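Asker:
Protein chains: 2
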Amino acid sequence: MPVGTQATVKAMTPEELRGLGAQIILGNTYHLHVRPGEKLISRLGGLHHFMAWDRPILTDSGGFQVFSLAKLRKITEQGVHFQNHLDGTPTFIGPETSMEIQRDLGSDIVMLFDECPPHPCSYEDASKSLDLTIRWAHRCRAWWDAQPEENRPLLFGIVQGSSHADLREKSARALVEIGFDGYAVGGVSVGEPEYEMFRAIENAVPFLPQDSPRYAMGLGTPPQIIEMIARGVDMFDCVLPTRLARNGTAFTAAGTLNLKNAPFAEDPSPIELGCECHACRHFSRAYLRHLVKAEEILGLRLISIHNLHFYLNLTRQARAHIIQGTFQQFRESFVSNYKAHRETSAA
Amino acid sequence: MPVGTQATVKAMTPEELRGLGAQIILGNTYHLHVRPGEKLISRLGGLHHFMAWDRPILTDSGGFQVFSLAKLRKITEQGVHFQNHLDGTPTFIGPETSMEIQRDLGSDIVMLFDECPPHPCSYEDASKSLDLTIRWAHRCRAWWDAQPEENRPLLFGIVQGSSHADLREKSARALVEIGFDGYAVGGVSVGEPEYEMFRAIENAVPFLPQDSPRYAMGLGTPPQIIEMIARGVDMFDCVLPTRLARNGTAFTAAGTLNLKNAPFAEDPSPIELGCECHACRHFSRAYLRHLVKAEEILGLRLISIHNLHFYLNLTRQARAHIIQGTFQQFRESFVSNYKAHRETSAA
């Protein structure tokens, strides 16, 4: 899922996203609540109409941003009091508020509202936090049950439990008992080392139903995505393709390229040979480097197109290899090619 | 002509420009000479190939930027010594150098290298400056004559003479005597009041051949463009459509809209009713306002598309009215509608 934080996948039109084959995008409940507000979006016909995106939208619950961006938080049983990061307006979001905001946005997949503990987190703190998240999960489900059937979006649970294996298992089992349309693993990619991130996934996924979508939130590098797929994950959202593009960095099967670098100044080849994206079909690394150096918007636009194509194509390839029964070979070859290059360029 | 200062019309792909019906764009000799350099562009196949634009390109001579952007200038009979505005590198551009840079870029229409006097400019200074520009015009033409016939781009003269009627006439007559493929009026829109700008055009155009393209450089607002067309001008380049878009300002037949303004917060209508551009077909003023307030690149992209469509459509309409013999009515109605609104919004 390309990330459309503020009702736009950065620098991209919906038409371009459709052209890249994006099936679904993510919207940010916290950001849209703060600006322009879900009530305004609702009066204008909902998020799909507002941003002219006619395919599915998943909204996060706002939990992650409340705990990472907002100031002066006070967590109670009811929810979280905070001041927003833009103008400090005092705001409250609890499980029901989060559900209502996501309903007003017109989301197709609604995420439950969870507490996101910091990393690292002691067993005791993580356990207390998880219990609150489980109680909130019950309230989200109760809110959903009270909605008229025809208006119900899909509702996904979120596994928490920090780096503690038995808490991850407990969290997953509790969610499955409540029953959701899909299951995410949250509290990953929050500053922990990569092996811990893999372990958090390994400690949760086996307890989630195979026939429900399983979603790793906020990940990751291309090899991480492949490794997560190998561990049974089906869905991802990631800001890296557009964020790194704005910094002049492009993804290739051999690793990332920083297009600001001098060796690309006269390089007539595309970002990646054989790539079918608009940027690679029409423009050279030399031209892209010029645009990035000159701080021209077209530079980050073209690299965003390439990077989103790269990520969307990566998951398309993984799916095809799974169907063909060749995923294991694909995984090994992709991960070793990508890493080999990173070591070379670091040398 | 949309302006492509640094080998890109800001925030636009060549494909989008073609979709808007742009027939020709302008490139900036000074900027491209400073970065990435015409030799690099030439080795990569020329400016058309470098930026993937397969329609005509007109390049200015660099004169205007040398006199407005560069530092520590020393003007001699040979040309201008200066330090570029990016890193202060000492550089020289004279008539022949300018021609060679434009040739290396692969320009289709090359502008002669002129001195651009500041505004206001005494009669004596303007006269001395004009004499130098005329001597440089001879040298540009001589350089052009010495080129192999199959490699010759079109070469345009530039009328100077500041606000002095007889100098404008003298300049125009001298250029016509030398003989060029087209004639521009330069030294306009350099800080003078609008009536002086019109007078500068009126003092030059009658002395330029009717069957050659006549080009007013660096203009203007939509009513100014219409007024220039009424005075016999055929070509324009203007940064306003893309520059104002980056500031959240959109053009309409009734005047400009600052989409940051609060009244647009819930406005479901497009920038301009009936407009056929991509932005107006898909997005509301409310959405565009949100994007501009949130500093999202898609906002300036969509307004750039609308504004370029507005300008290109304006000259298409003017052409159609000239052919139909209804230009005078079109001019009066367009200019009065546009101005009426500006007075209203200022009240």
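Sequences listed follow chains V and W, in order. When we follow the working numbering, the leftmost residue of the first sequence carries the number 1, and every step to the right adds one. When we follow the working numbering, the leftmost residue of the second sequence carries the number 348, and every step to the right adds one. We put the CB at the ideal spot given by N, CA and C, even for glycine. Fair warning: this is a prediction, and the values are worked out from it, not measured in the lab.
(1) Drop a sphere of 10 angstroms on the beta-carbon of LYS10(V), count the other beta-carbons inside from all chains shown, and report buried for 16 or more, exposed for fewer.
(2) If I measure Cβ to Cβ from ARG43(V) and keep anything under 6 Å in the same chain, skipping five residues before and after, which residues do I get?
(3) Buried or exposed, going by whether 16 or more other CB atoms sit within 10 Å of the CB of ASN151(V)?
(4) Run down chain W in chain order and give the residues with a C-beta less than 9 Å from the C-beta of HIS282(V).
(5) Buried or exposed for THR355(W), please, with buried defined as at least 16 other CB atoms from any protein chain shown within 10 angstroms of its CB.
(6) What ranges does the beta strand (DSSP E) occupy inside the region 152-231 of chain V, keeping only unbroken runs of at least 3 residues that lie completely in it?
(7) For a cutoff of 8 Å on Cβ pairs, would you count THR376(W) as touching chain V?
(8) Measuring CA to CA, which of THR436(W), TRP400(W), PHE630(W), LYS475(W) is closest to ALA417(W)?
(9) State the Cα-Cα distance for the pair LEU155(V) and VAL350(W), rounded to the nearest angstrom.
(10) So is ILE201(V) buried or exposed if we call it buried at 16+ other beta carbons inside 10 Å?
(11) Taking the alpha carbon of PRO442(W) as the reference point, which residue from GLN430(W), ASP461(W), GLY453(W), ASP434(W) has its own alpha carbon closest?
(12) So, helix, strand or coil for CYS275(V), using DSSP?
(13) Taking 8 Å as the cut-off, decide whether the C-beta atoms of CYS116(V) and GLY63(V) are in contact.
(14) Suppose you measure from the CA of CYS293(V) to the CA of ILE158(V); what does that come to, to the nearest Å?
(15) On the DSSP letters alone, give me the boundaries of the alpha helix (DSSP H) that THR29(V) sits inside.
(16) So which residues on chain W does GLN65(V) lean against when the C-beta distance must stay under 7 Å?
(17) Determine contact between the region 647-658 of chain W and the region 584-602 of chain W, defined as no fewer than three beta-carbon pairs at a distance below 8 Å.
(18) What is the DSSP secondary structure of PRO56(V), counted as helix, strand or coil?
(19) Chain V beta carbons: is any one of them nearer than 8 Å to that of ILE644(W)?
(20) Does any CB atom of chain V fall closer than 8 Å to the CB of HIS380(W)?
(21) Looking at the unbroken alpha helix (DSSP H) that takes in PRO442(W), where does it start and where does it end?
(22) Which whole-angstrom value describes the C-beta separation of MET1(V) and MET228(V), a residue pair presumed to lie in contact below a C-beta threshold of 8 Å?
(23) With 16 as the cutoff for other CB atoms within 10 Å, does GLU385(W) come out buried or exposed?
(24) What are the boundary residues of the beta strand (DSSP E) that GLN83(V) is part of?
(25) Three or more beta-carbon pairs under 8 Å between the region 524-541 of chain W and the region 555-569 of chain W, yes or no?
(26) Helix or strand or just coil, what does DSSP make of ARG73(V)?
(27) With respect to the alpha helix (DSSP H) encompassing THR480(W), which residues constitute its N-terminal and C-terminal limits?
(28) Runs of 4 residues minimum, wholly inside the region 576-601 of chain W: which ones carry the alpha helix (DSSP H) assignment?
(29) Write down the C-beta distance between ALA665(W) and ILE573(W) rounded to the nearest angstrom, noting that I regard them as a contact closer than 8 Å.
(30) List the residues that DSSP assigns as beta-bridge partners of PRO704(W).
(31) Candidates GLY508(W), ASP407(W), THR589(W), GLN370(W): which alpha carbon is nearest MET544(W)'s?
(32) Count Cβ pairs between the region 666-677 of chain W and the region 608-616 of chain W that sit closer than 8 Å; are there 3 or more?
(33) Would you list the residues sitting across from VAL457(W) in a DSSP beta bridge?
(34) From VAL110(V) to ALA204(V), what distance separates their C-alpha atoms?
(35) For HIS432(W), decide whether its Cβ has a neighbour in chain V, counting only Cβ atoms nearer than 8 Å.
(36) So, under 8 Å CB-CB, LEU291(V) and ILE271(V) are touching, yes? Tell me the CB distance rounded to an integer number of Å.
Answerer: So, from the data block:
(1) Working through the first sequence from its first residue, we reach residue 10(V) at position 10. Flag for LYS10(V) reads buried.
(2) Counted from its first residue, the first sequence places residue 43(V) at position 43. Excluding positions up to five away in sequence, the list is empty.
(3) Position 151 of the first sequence, counted from the start, is the residue given in the question as residue 151(V). Label assigned to ASN151(V): exposed.
(4) Within the first sequence, numbered from 1, the residue matching residue 282(V) stands at position 282. Here the neighbours are THR360, PRO361, GLU362, ALA399.
(5) Sequence index remark: in the second sequence, residue 355(W) carries index 8 (1-based). When all chains shown are included, THR355(W) counts as buried.
(6) 154-159, 182-185, 214-216
(7) Working through the second sequence from its first residue, we reach residue 376(W) at position 29. Output row for THR376(W): interface = no.
(8) Within the second sequence, residue 417(W) is the residue found at index 70, counting from 1. Residue THR436(W) is the option with its Cα nearest to ALA417(W).
(9) Taking the first sequence and counting its residues from 1, one reaches residue 155(V) at position 155. Taking the second sequence and counting its residues from 1, one reaches residue 350(W) at position 3. Whole-angstrom Cα-Cα distance: 49 Å.
(10) Looking up residue 201(V) in the first sequence gives position 201. By the 10 Å Cβ count, ILE201(V) comes out buried.
(11) Indexing the second sequence from 1 puts residue 442(W) at position 95. Here the closest residue by C-alpha is ASP461(W).
(12) Translated into the one-based positions of the first sequence, residue 275(V) becomes position 275. Three-state DSSP puts CYS275(V) in coil, outside helix and strand.
(13) Against the first sequence, residue 116(V) aligns to sequence position 116. Against the first sequence, residue 63(V) aligns to sequence position 63. In contact: CYS116(V) and GLY63(V) (Cβ atoms closer than 8 Å).
(14) The residue you call residue 293(V) lines up with position 293 of the first sequence. The residue you call residue 158(V) lines up with position 158 of the first sequence. The residue asked about is misnamed: residue 293(V) is Lys in this sequence, not Cys. If you take the alpha carbons of LYS293(V) and ILE158(V), they lie about 41 Å apart.
(15) Translated into the one-based positions of the first sequence, residue 29(V) becomes position 29. Here the alpha helix (DSSP H) through THR29(V) covers 29-34.
(16) The sequence position of residue 65(V) within the first sequence is 65, counting from 1. The contacting residues do not exist; GLN65(V) stays about 14 Å from chain W at best.
(17) yes
(18) For the purposes of this step, residue 56(V) is identified with residue 56 of the first sequence, where counting begins at 1. Coil, per DSSP.
(19) Counted from its first residue, the second sequence places residue 644(W) at position 297. Yes, contact with chain V.
(20) Position 33 of the second sequence holds residue 380(W). No, HIS380(W) lies away from the interface with chain V (no Cβ there is under 8 Å from its Cβ).
(21) As a first step, residue 442(W) must be located in the second sequence, where it is residue number 95. Element bounds for PRO442(W): 442-452.
(22) Translated into positions along the first sequence, residue 1(V) becomes position 1. Translated into positions along the first sequence, residue 228(V) becomes position 228. Rounded, the Cβ-Cβ distance is 14 Å, inconsistent with contact.
(23) Sequence index remark: in the second sequence, residue 385(W) carries index 38 (1-based). When all chains shown are included, GLU385(W) counts as buried.
(24) Counting from 1 along the first sequence, the entry for residue 83(V) is found at position 83. Counting along the chain, the beta strand (DSSP E) containing GLN83(V) begins and ends at 80-83.
(25) yes
(26) As a position in the first sequence, residue 73(V) is number 73, starting the count at 1. Note: ARG73(V) maps to strand in three-state DSSP.
(27) Counting from 1 along the second sequence, the entry for residue 480(W) is found at position 133. Element bounds for THR480(W): 470-492.
(28) 587-593
(29) Sequence index remark: in the second sequence, residue 665(W) carries index 318 (1-based). Sequence index remark: in the second sequence, residue 573(W) carries index 226 (1-based). Right, the Cβ-Cβ distance comes to about 6 Å (below 8 Å), so this counts as a contact.
(30) Since the first residue of chain W shown is 348 and the last is 694, residue 704(W) is not available in this structure.
(31) If you number the second sequence from 1, residue 544(W) lands on position 197. Out of GLY508(W), ASP407(W), THR589(W), GLN370(W), GLY508(W) has the C-alpha closest to the C-alpha of MET544(W).
(32) no
(33) Start at 1 with the first residue of the second sequence, and residue 457(W) comes out as number 110. Answer is THR406(W), LEU502(W).
(34) By 1-based counting over the first sequence, the position of residue 110(V) is 110. By 1-based counting over the first sequence, the position of residue 204(V) is 204. Roughly 20 Å separates the two Cα atoms.
(35) Reading the second sequence from its first residue, position 85 is the one you call residue 432(W). So, not an interface residue.
(36) Locating residue 291(V) in the first sequence gives position 291, where the first residue counts as 1. Locating residue 271(V) in the first sequence gives position 271, where the first residue counts as 1. That belief does not hold up - the Cβ atoms of LEU291(V) and ILE271(V) are roughly 12 Å apart, past 8 Å.
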